[in-house]
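**Student:** Submitted below is the structure of interest, expressed as structure tokens.
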DNA sequence: GTTGAAGACTTCAGTAGTAAACTTCGAAGC
DNA sequence: GCTTCGAAGTTTACTACTGAAGTCTTCAAC
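Chains as they are written, first to last, in my numbering: chain A, 1 to 186; chain B, 187 to 372.
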């Protein structure tokens, strides 16, 4: 889940086949089958992100805020991390985390306090309200995902998952980690 | 293709199974199979975007610039569009397009001139250099995509494409278009 | 015990985006 | 032929991010 926020409107996309045709016209060496898979993948992902983004708007938080809540929930109780650690996990600079935390504190979704045992450190902790907000996002996301996959039976889902994981492993191998900023979340 | 640019480093991600386990621990109602498919999809897409982004860095352009080149190439000769039309296609505000075009003009990848037949309008046209730059991105992207899909035989590729398109159709139906910004491209 | 270096976070300057105000050209009404 | 309206782009104000500089605490060395 990630996505959407601004609102200049969604891009006006060509039909998938028209897009592939344009690629073939302008760059004949392209393999249409490969391009179709890749383009569909990107487009599906984008649409999903738009959907998640709308759900977040309904819940009154931005996807930037959601990312932070998710990172805190995933580490488990007592739902604490330092700003620097959060920044690494989210792929942001510490400076950006400072501001995100400011907003979340203002909204009561996390607290920020100095670590008394080691006063250089700061501890960001999820509040009950923050945890509840995250649970709400999960309920909406799960409903959307169930609907999205409703046309696929169990074996199709398994096959899709297996192929995606195979592809994922291949990119991760060639991209041992490190790297360039990204855009989305899980 | 879209992606990466900044450089606070890539997010430090949990292992896929560990991530699913965390979701199950914190939100037991979740369907692990569904979550696995969705998470793998998002993660694969992100990794791909990182890869595309690196290629663009190597070629000396940003993904913002690349989006504009692509839109112009896709319309075909004489590779012309107005700023407003470009903004709609890319899902940006006209204001943002003004600045993107500024940069592209400075780099010689597009030209901007008033439409003499209708002096309210501006015409953005791809230069030969801009078209060549786009072709270079396609050559790199195609090589990466071939490598990515090398483990899949033709029927697996076809099956994957078919499923993705089925899912895409479902989201597009429930999301008749309109609305929230997005992040990636094709 | 004071000094110096390292680490963790924040602050500052610069960039790219949105939203909204503004400017200009073209078309229509009278 | 002037006036008004609308469409197309640009400018302005504000937000969120990066990268680099700055501040404050801790730890090690002397």
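Ideal Cβ positions, reconstructed from N, Cα and C, are used throughout, including at glycine.
In this text the structure is predicted, and so the values were computed from the model without any measurement.
#1: When DSSP builds the beta bridges, which residues end up paired with residue 125 of chain A?
#2: Check the Cβ of residue 170 of chain A against every Cβ in chain B and list those closer than 9 Å, keeping chain order.
#3: DSSP state of residue 120 of chain A, grouped into three classes?
#4: Considering just the uninterrupted stretch of the alpha helix (DSSP H) at residue 361 of chain B, what are its terminal residues?
#5: Tell me which residue opens and which closes the alpha helix (DSSP H) that residue 20 of chain A is part of.
#6: With DSSP run on the structure shown, which of helix, strand or coil describes residue 41 of chain A?
#7: Assign residue 355 of chain B to one of three DSSP states: helix, strand, or coil.
#8: Taking 8 Å as the threshold (beta carbon to beta carbon), is residue 359 of chain B in contact with chain A?
#9: For the alpha helix (DSSP H) that contains residue 61 of chain A, what are its first and last residues?
#10: Starting from residue 98 of chain A, trace the alpha helix (DSSP H) both ways and give me its first and last residue.
#11: From the beta carbon of residue 11 of chain A, is the nearest beta carbon of chain B less than 8 Å away?
#12: Would you please verify whether the beta carbon of residue 72 of chain A is less than 8 Å from any beta carbon of chain B?
#13: For residue 237 of chain B and residue 43 of chain A, I'd like the C-alpha separation in whole angstroms.
#14: If you count every other CB in all the chains shown that lies within 10 Å of the CB of residue 32 of chain A, and 16 or more means buried, which is it?
#15: Hey, does residue 130 of chain A have any beta-carbon neighbour from chain B nearer than 8 Å?
#16: Output, in chain order, the set of chain B residues within a Cβ distance shorter than 8 Å of residue 34 of chain A.
#17: Find the nearest neighbour of residue 140 of chain B within the set B:317, B:322, B:351, judged by alpha-carbon distance.
#18: Taking a contact to mean a Cβ-Cβ separation below 8 Å, would you say residue 81 of chain A touches residue 72 of chain A in this structure?
#19: Three-state secondary structure (DSSP) at residue 33 of chain A?
#20: Taking the straight line between their C-alpha atoms, what separation do you get for residue 353 of chain B and residue 309 of chain B?
**Tutor:** Answer, in terms of the structure:
#1: Locating residue 125 of chain A in the first chain gives position 125, counting from the first residue. Answer is A:80, A:111, bridged to residue 125 of chain A.
#2: Counting from 1 along the first chain, the entry for residue 170 of chain A is found at position 170. Result: 333, 334, 335, 336, 337.
#3: Taking the first chain and counting its residues from 1, one reaches residue 120 of chain A at position 120. Looking at residue 120 of chain A - three-state DSSP - the assignment turns out to be coil, as it is neither helix nor strand.
#4: On the second chain, position 175 is the one that residue 361 of chain B refers to. Premise fails: residue 361 of chain B is in no alpha helix (DSSP H) and is neither H nor E.
#5: To locate residue 20 of chain A, count along the first chain from 1; it is residue 20. Segment 16 to 26, the alpha helix (DSSP H) holding residue 20 of chain A.
#6: For the purposes of this step, residue 41 of chain A is taken as residue 41 along the first chain, with counting starting at 1. Reduced to three states, the DSSP call for residue 41 of chain A is helix.
#7: As a first step, residue 355 of chain B is located in the second chain; it is residue number 169 there, counting from the start. Three-state result, residue 355 of chain B: helix.
#8: For this step, residue 359 of chain B is matched to residue 173 along the second chain. The beta-carbon of residue 359 of chain B is placed no less than 8 Å from the nearest beta-carbon of chain A.
#9: Translated into positions along the first chain, residue 61 of chain A becomes position 61. Unbroken run through residue 61 of chain A: none, as it is neither H nor E.
#10: Your numbering for residue 98 of chain A matches position 98 in the first chain. Element bounds for residue 98 of chain A: 94 to 106.
#11: Working through the first chain from its first residue, we reach residue 11 of chain A at position 11. Contact with chain B is found for residue 11 of chain A, since one of that chain's Cβ atoms lies less than 8 Å from the residue's Cβ.
#12: Within the first chain, residue 72 of chain A is the residue found at index 72, counting from 1. No, residue 72 of chain A does not count as interfacial toward chain B.
#13: Working through the second chain from its first residue, we reach residue 237 of chain B at position 51. Working through the first chain from its first residue, we reach residue 43 of chain A at position 43. Answer to the nearest angstrom: the Cα atoms are 17 Å apart.
#14: On the first chain, residue 32 of chain A is found 32 positions in, with the first residue counted as 1. The residue in question, residue 32 of chain A, is exposed, as its Cβ has fewer than 16 Cβ neighbours within 10 Å.
#15: Indexing the first chain from 1 puts residue 130 of chain A at position 130. Judged by the 8 Å Cβ criterion, residue 130 of chain A is not in contact with chain B.
#16: Numbered from its first residue, the first chain carries residue 34 of chain A at position 34. Near residue 34 of chain A (Cβ distances below 8 Å), the residues of chain B are 328, 331, 332, 335, 343.
#17: In this structure chain B extends from 187 to 372, so residue 140 of chain B is not present and cannot be described.
#18: Residue mapping note: residue 81 of chain A aligns to position 81 of the first chain, counting from 1. Residue mapping note: residue 72 of chain A aligns to position 72 of the first chain, counting from 1. Yes. Within cutoff.
#19: Position 33 of the first chain, counting from 1, holds the residue named residue 33 of chain A. Three-state result, residue 33 of chain A: helix.
#20: One-based indexing of the second chain puts residue 353 of chain B at position 167. One-based indexing of the second chain puts residue 309 of chain B at position 123. Whole-angstrom Cα-Cα distance: 37 Å.
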